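Going by numbering that gives the first Met the number 0, the letters in the sequence shown line up with residues 0 to 213, in that order. Cβ atoms here follow ideal geometry from the backbone N, Cα and C, with glycine treated the same way. Only a predicted model underlies this, so the values are computations on that prediction, with no experimental measurement involved. Right, one structure below, let's go through it.
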Amino acid sequence: MFHFVMQITPTDVLLVIDLQNDFCPGGALAVADGDTVIEPIHHAAEHFQHIILTQDWHSPDHNSFASVHPGKKPYEQIELSYGEQTLWPDHCVQGTPGADFHSSLELTRAELILRKGFRRAIDSYSAFFENDRTTPTGLAGYLRERGLNRVFLAGLAYDYCVGYSALDARRLGLDAIILRDACRAIDLNGSVAAIEREFADTGVQLINTADLAH
Ligand code: VGL
Ligand code: ZN
């Protein structure tokens, strides 16, 4: 019997995406069972020397909020200067409890907390580039300077911030491996199927936390 095992090395990094109250049950943009990823993430984290957290961090009047566009409702699409943008309920507003990390998340070893989506005019799903796909967050330079070249991803949401981050990692020439059981999806208008096609096209790998070597 062959068992697939993934060996974690000192140049690997675990990127934990947006494990914040607003994406967990009871939050403003709750992802179904969002909080259930915390346990597998804690297990996965034991394998890694390097952990980075991202934090969705919007201004109160952020352009991705349906509330700032008269007549628009959450989950509708709108055309902004940089292209199509899905409108969301107000969420992860800077300094609010909804923007805090879930209180069960214990990743005190994390070396960097990267905030994104703080510019009013532009959303940022990806940890690497804002939604114009060109404005950098600085994470690529950080990883390059530190010699971290293989990114493992977990968190919320699988089909938005996790997925976009993985695709951008590939665009930057990094290996990108998603820990599928440590993610949950929003699944809006076929978003899971669409992003999984892009994963296949670009070489984003999907594994489970149980595949990490012990
Ligand atoms: C996210 C929608 C809006 C995410 C963030 O973390 O996936 N999704 N803001
Ligand atoms: Zn957001």
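- Rounded to the nearest angstrom, the Cβ distance from F3 to D210 is 6 Å, consistent with a contact under 8 Å.
- Shortest gap from the CB of S63 to any heavy atom of the ligand ZN: under 7 Å.
- Beyond the five residues adjoining it in sequence on each side, L142 comes within less than 8 Å, by CB distance, of V12, N148, V150 and L173 in the same chain, given in chain order.
- When C-alpha distances from R169 are compared across S125, D180 and I7, the shortest belongs to S125.
- Contact between the stretch 33 to 41 and the stretch 68 to 76 is absent: fewer than three C-beta pairs spanning the two stretches fall below 8 Å.
- A direct Cα-to-Cα measurement between L111 and H49 gives close to 9 Å.
- Inter-segment contact for the stretch 21 to 30 and the stretch 85 to 93 is present: three or more beta-carbon pairs are separated by less than 8 Å.
- Listed in chain order, the non-local C-beta contacts of Q84 below 8 Å within the same chain comprise N62, S63, Q76, I77, E78, D122 and N130, local neighbours out to five positions each way being set aside.
- Assigned with DSSP and collapsed to three states, A175 falls in strand.
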